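Have a look at the structure below before the remarks.
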Amino acid sequence: MTTGTTAAPRPMVDGTGRPAMALWTLDPSTIHLNHGSFGAVPVETAAYQAELGREMNGIPGDWFSALPGRLGAARERAAEFLRVAPESAAFVINASAGISVVLQSLELRPGAEILVTDHSYGAVTMAAQRAVRRVGGVVREVPVPLDAADDEVVDILTSAFTDGTALLIVDQITSATARVFPIAAIAARSHERGVPVLVDAAHAPAMLPEPLAGSTADYWVGNLHKWGCTPRGAAVLVASDAVAQSLYPSIDSWGHPHPYPTRFDTQGTVDATAQLAAPHALDLIEREFGWDAARSYMTRLVEYAETLIVDALEQAWDGPARVAAASPAPAMRLVGLPDGLVRTPTDAHELRDVLALDLGFQTAITSWNGTGYLRLSAHVYNTADDYRAFADTAVPVIAELAHIRSTEPDLTLDETIAQHRTARTATA
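Note that the working numbering numbers the sequence shown so that position 202 is 205, with each residue one more than the last.
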């Protein structure tokens, strides 16, 4: 059930009274309702990164000679934002890259198993499978009900451990299902059983004010480009003292002899302008809106959007759309799609494309355990009008597609979409 207020919050404005959207590089001809997948970069930060690129290309010798020191300073600012010790934090290009770094560092025994949940991001599961293949091991997926309370989640995961469990990989905020897992409690219980924990925190930085608070996880990796709005290519890997010195960047370069995390500051001639520009974006949002105010707005807006779109979809389809999810992410929510409309990841992609190409809405459509969802996410540039437009324009199309597929269940979603487009053209 929806929690909190369902009143539409007033749109956010910057210090001069401009609408927040004016600060972003996003195409204004599209309504952007999928911040969680790819983030969005402020105009000023994009310009700052471009200037860094010109500096890099102007005198490359000076640039790359000074780069490790500049990266170290930017990394310390990112660590301060995350409220972690600078010596525990290294830059990586994204969460998947950080997870690969961790998996490559493990000395797995023959037959070792890695545990993931059925909420795990697909690319992460595939990386774990590649890691265990080296030793004839296995990745085991642990089902966690969407409505499982925090205590239940901890019990489910730790009761799945065996003598061969070498690592638990768990999301802090799940991608497909937009819920928060209690990583501090999971790590504490896992360590009682002697199992190390890797936290995929791709969505956590900036959405959560202190994402590592109370956690003793061995490894944690989070993207800055999502809710932090930094340029893409900036993420942070945080490691405990016990394992940090076992971690090396994927590119061995002149930083190899240095200790963690400084060895990550020298990786050949990589373009590190995204990482150098990360503090610019973090500071810009603090200056123009304040991060606490921004987070509060995102939560109130996505709660409003959830109620609005659930009500619209239930009226259009005459079926339930509310999702009984425990611990929903502060700036993300799920809306259930009509039964049978989205059955597979391919269906999810096809519906997403229809909403984008035919109607002008950038959205996230997810498929989890055979059920389709609309995943809502909100940032400061979104407004209640964005979601009202979706409810008025996109929800009827979703209901029409669901009706066609329910009456002709043998059709693929692609065929359903084609039939719907033909009918709309005929009546236009």
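Every residue, glycine too, gets a C-beta built ideally from N, C-alpha and C. Values in this document were obtained by computation on a predicted structure and should not be read as measured data.
- DSSP places D150 outside both helix and strand once states are collapsed to three, so it counts as coil.
- The segment 371-387 and the segment 328-341 touch, with no fewer than 3 CB-CB distances between them shorter than 8 angstroms.
- Look at the beta carbons and you see the segment 282-301 not touching the segment 246-260: under three pairs across the two are nearer than 8 angstroms.
- CA-to-CA, the gap between E418 and R355 works out to about 15 angstroms.
- Under the three-state reduction of DSSP, A207 is assigned to coil, being neither helix nor strand.
- Taking N37 as reference, the option from H261, A179, T165 with the minimal CA-CA separation is A179.
- Runs of the beta strand (DSSP E) spanning 3 or more residues and lying entirely within the segment 210-234 occur at 222-226, in chain order.
- When DSSP reads this structure, R57 sits in no beta bridge, so it has no partner.
- With distances taken between CA atoms, V326 lies nearest to A151 out of A151, D395, G18, D350.
- If the five residues before and after T177 are omitted, its C-beta is found closer than 6 angstroms to the C-beta atoms of H122, all from its own chain and listed in chain order.
- Taking the Cα positions, V313 is about 5 angstroms away from A324.
- With a threshold of 16 other beta carbon atoms within 10 Å, L360 falls short and is exposed.
- Comparing alpha carbon positions, the residue from A187, L201, P333, E116 closest to V141 is E116.
- Cβ-Cβ separation between I102 and D203: approximately 6 angstroms, consistent with a contact (criterion under 8 angstroms).
- Beta-bridge annotation (DSSP): A93 is paired with L240.
- Collapsing the DSSP output to three states places S108 in a helix.
- Judged by their CB atoms, S218 and A187 are nearer to each other than the 8 angstroms cut-off.
- Within its own chain, the residues whose Cβ lies closer than 7 angstroms to the Cβ of A280, once the five positions on either side in sequence are excluded, are T48, Y51, Q52, L55, T233, P234, listed in chain order.
- Cβ contact annotation for G18 (same chain, cutoff 6 angstroms, sequence separation greater than five): E291, in chain order.
- In this structure, the beta-carbon distance from A402 to A351 does not fall below 8 angstroms.
- In this structure, T120 keeps its C-beta atom at 8 angstroms or more from the C-beta atom of V138.
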